[in-house]
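Single-structure report; data block below.
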C-alpha cells in the first residue's frame, strides 16, 4: 500500500480528532456495587460531576439515579462514596458531605444525615435497619451509625485515636 498525500510533521504536531476539550468531557467510571435484586450500580465521573448510574436486573435501559447531586466522599484519606443494598443506594453528596438514600426503582434522593461534618464509606447492616459510616468533623474521624430511614440523629461510636 502506498500513501501519495503523506505529509511529514514533527512528533506531536499532527492533527488529531482527540482534543483537550474532548478529553475533559470524557466519561470514566469507578466503584460499582451489586444489589441483591441483581441491579448493578456504578459511579460515572463526568467532566462536571460524578453521577450514580443503575442498570436494573429486568433488562431495562441504564439510567442516572441522581441528576442534581454530585457523588463524592470528602474524608481526607478517601473512602467509599456509596453502597447498594436492599433495593436502595446510600451515597455521600460532595458539596454538603451528607449521606442520601435513594430507591433504585424510582423516587428522589433524600438526606438521612444532617449537614454536620462530612461522611464516607456508608455500609448498610444485614437487617437493613442501620447505616454505618465514617464521620469527620473538625479534623476528628469516627465511626458513626444512623438508622437507615434517617429518622434519628447519627451517633458517633468509635473515635479515631490517630
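Residue numbers (the working numbering): 40 to 201.
We put the beta carbon where it would ideally sit given N, CA and C, even for glycine.
Residue i vs residue j beta-carbon contact at 8 Å
i: residue 94; j: residue 101; result: yes
i: residue 103; j: residue 92; result: yes
i: residue 74; j: residue 146; result: no
i: residue 78; j: residue 123; result: yes
i: residue 134; j: residue 109; result: yes
i: residue 189; j: residue 149; result: yes
i: residue 105; j: residue 141; result: yes
i: residue 114; j: residue 70; result: no
Residue(s) in a DSSP beta bridge with residue i
i: residue 140; result: 129 and 149
i: residue 124; result: 127
Cβ shell of residue i (< 8 Å), same chain only, five flanking positions each side left out
i: residue 167; result: 124, 125 and 187
i: residue 184; result: 169, 170, 171, 172, 193, 194 and 196
Member of the options whose CA lies at the smallest distance from the CA of residue i
i: residue 170; options: 141, 48, 193 and 156; result: 193
i: residue 119; options: 134, 105 and 138; result: 138
i: residue 83; options: 114, 136, 160 and 121; result: 121
i: residue 155; options: 136, 54 and 178; result: 136
i: residue 130; options: 46, 80 and 48; result: 80
Cut-off 6 Å between Cβ atoms - residues of its own chain near residue i, not counting five sequence neighbours on either side
i: residue 132; result: 108 and 139
i: residue 40; result: Confidence in residue 40 is poor, its pLDDT being 47 and thus under 50, which makes the residue's placement too unreliable to answer from.
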